[in-house]
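Visitor:
Number of protein chains: 2
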Amino acid sequence: MPRKTDARARAIAAAERLFRIQGYTATGLTQILAESGAPKGSFYFHFPRGKTQLAEEAIDRYVASRMAVLRNISADTTGDALRFVQQICDTFAAEMIASDFQYGCLMQNLANELPALDAELTERVARGFADSTEIVAEHFMTCGFAPARASSAAAALVAALEGARTIARLERSPAVFEALAEISLQRWAAPEGRPGLV
Amino acid sequence: MPRKTDARARAIAAAERLFRIQGYTATGLTQILAESGAPKGSFYFHFPRGKTQLAEEAIDRYVASRMAVLRNISADTTGDALRFVQQICDTFAAEMIASDFQYGCLMQNLANELPALDAELTERVARGFADSTEIVAEHFMTCGFAPARASSAAAALVAALEGARTIARLERSPAVFEALAEISLQRWAAPEGRPGLV
DNA sequence: CTCCTTCTATGGCGATCACCATAGTATGTC
DNA sequence: GACATACTATGGTGATCGCCATAGAAGGAG
């Protein structure tokens, strides 16, 4: 029983895009279906639990791709915390520029509308953050950070990246990411006792 | 021609509260008026430009109080960047706990729904961030930071605080703020060339 | 008293919301 | 041919959205 159309996948992709730009509540099903070209008639065939299910699948997709990006950068900068942070900032900034500063982070957008979400969806968002943070923490540990410090640095970095995205959207400029990278280069990501590059 | 009731002020306060918890689009006028006890009939008398105007006044209120908080902390920790950062983290974390992790940042919530906002409102949000950042940057400068580094550190800190709020809401825990304070204490907020406390 | 301002009550505008019931088409397998 | 699965079209549900027109109550100023 193979799929015959890609209407389902297109709906998920459109939902991810629009949720990132406008937020969850502000994005109507009508708009999602119109943008994706998916037919209206089959929506509840593909997503019996409605908008909630659509959001769940959208965030699964988003989290997976985000973690893949982080893992790639981690592999590219093994043992080097400074380059790791720098490259994350660069990548995030490049994404923002590529979307003309329209895209926010899906996890963040959903997190800021918590009362509109059910428990299942909330849990997925929370786990998305936890998993991302753990990838970063693990990288820091392979750089010689003590476990506690690796966790703290990872949590702080993930938080900073989220906030930077918000501000970059407003300013329509990647300057915040550059500031973040600069500060991290000088002090933040340096392993204990070892001076930074500057 | 003095005001006779406080219905207007109560509506603004309720709007600020609900926008922080639920976001802009997810909060209806009906809910705002119900919660504030303000009568429905007089809404467009007090706010002729409707929901937009209400949001503008709410954010003015929010930004003013936020800047007051930052200025107070700055005055309490003159010349001491480490204690400044630490106290900001403490204060923000305490706010979160006090609201049982329900309140987000109004500026951030609005920034994540940009397409729903008109230009005027967007501009106010952007200025709120810019002004907050400048207060932080000025404090860092009085701590002996070079101007460029003070600006970078301020931008990074403001971004990190925003992200921390989002994550703290999800985790229902102030742990992120503690991580942020810890990392800053060790490396971040230290003036050039001077080692951190730890 | 009249007049004006400040504020509120009521009711409804058109539009959109998420959701769903019903029916029908297309493409398989047997 | 029969039959099932995969998918879509249509149309409408009740509820809620922001907004507004009309009317009137309350109170001070002249």
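Protein chains in written order, with my numbering: chain A, 6 to 203; chain B, 6 to 203. Backbone N, C-alpha and C define an ideal beta-carbon position, used for all residues, glycine too.
1. In chain order, what are the residue ranges of uninterrupted alpha helix (DSSP H) at least 4 long that sit wholly in the region 24 to 99 of chain A?
2. Mind checking residue 32(A): buried by the 16 CB within 10 Å criterion, or exposed?
3. Look at residue 29(A) and residue 115(A) and say whether their C-beta atoms are less than 8 Å apart.
4. By DSSP, does residue 168(B) sit in helix, in strand, or in coil?
5. Do three or more CB pairs link the region 84 to 104 of chain B to the region 136 to 144 of chain A at distances below 8 Å?
6. Taking just the CA atoms, how far does residue 178(B) sit from residue 126(A)?
7. Quick one: residues in its chain with C-beta nearer than 8 Å to the C-beta of residue 180(B), no 5 flanking neighbours on either side, listed in chain order?
8. So which residues of chain A does residue 113(B) contact, with C-beta pairs closer than 7 Å?
9. Report yes if the CB atom of residue 25(B) is closer than 8 Å to the CB atom of residue 119(B), and no otherwise.
10. Check each candidate in 16(B), 183(B), 53(B) and name the one with the smallest Cα separation from residue 153(A).
11. Within a Cβ cutoff of 6 Å, which residues of the same chain sit near residue 51(A), ignoring the five residues on either side of it in sequence?
12. Are the C-beta atoms of residue 37(B) and some chain A residue less than 8 Å apart?
13. In three-state terms, what does DSSP make of residue 109(B)?
14. Does residue 70(B) pass the burial test, meaning 16 or more other C-beta atoms within 10 Å, or should it be called exposed?
15. Nearest to residue 22(A) by CA position, among 67(A), 123(A), 74(A), 144(A), is which residue?
16. Could you work out which residues of chain B lie near residue 149(A), taking near to mean beta carbons separated by less than 8 Å?
17. Below 8 Å between beta carbons: does that hold for residue 175(A) and residue 134(B)?
18. Less than 8 Å separating the beta-carbons of residue 158(B) and residue 150(B)?
19. Could you tell me how far apart the beta carbons of residue 90(B) and residue 189(B) are, in whole angstroms, since I believe they sit closer than 8 Å?
20. For residue 75(A), which residues of its own chain have a beta-carbon under 8 Å away from its beta-carbon, when the five flanking residues on both sides are left out?
21. Using only the alpha-carbon positions, how far apart do residue 65(B) and residue 128(B) sit?
22. Going by DSSP, what residue range makes up the alpha helix (DSSP H) through residue 126(B)?
23. Determine the chain A residues that contact residue 181(B) at a beta-carbon separation under 8 Å, and present them in chain order.
24. Just verifying my parser: in three-state terms, what is the DSSP assignment at residue 179(B)?
25. With 16 as the cutoff for other CB atoms within 10 Å, does residue 170(A) come out buried or exposed?
26. Is the beta carbon of residue 19(A) sitting closer than 8 Å to the one on residue 40(A)?
27. What residues in the region 86 to 104 of chain B have a beta carbon less than 7 Å from any beta carbon of chain A?
28. Taking C-beta to C-beta, are residue 113(B) and residue 117(A) nearer than 8 Å?
29. With a 10 Å radius around its C-beta and 16 neighbouring C-beta atoms as the bar for buried, classify residue 124(B) as buried or exposed.
30. Which same chain residues end up closer than 7 Å to residue 79(A) when comparing Cβ atoms and leaving out the 5 residues on each side of it in sequence?
31. For chain A, find out if any of its Cβ atoms is closer than 8 Å to the Cβ of residue 187(B); answer yes or no.
32. Do we get a CB-CB distance below 8 Å when we pair residue 204(B) with the residues of chain A?
33. Below 9 Å on C-beta distance, what does residue 120(A) contact in chain B?
34. Rounded to a whole number of angstroms, what is the C-alpha to C-alpha distance between residue 102(A) and residue 11(B)?
35. Who are the neighbours of residue 157(B) on chain A, taking C-beta pairs under 7 Å?
Guide: In short, the structure shows the following:
1. 34 to 41, 48 to 51, 56 to 81
2. buried
3. yes
4. helix
5. no
6. 19 Å
7. 173
8. 117, 171
9. no
10. 183(B)
11. 13
12. no
13. coil
14. exposed
15. 67(A)
16. Simply none; closest approach about 15 Å.
17. yes
18. yes
19. 4 Å
20. 93, 137, 140, 141
21. 11 Å
22. 124 to 147
23. 160, 161, 164
24. coil
25. buried
26. yes
27. none
28. yes
29. exposed
30. 89, 140, 144
31. yes
32. Chain B is shown from 6 up to 203; residue 204(B) falls before or after that span and cannot be answered.
33. 26, 27, 28, 31, 107
34. 45 Å
35. 184, 187, 188
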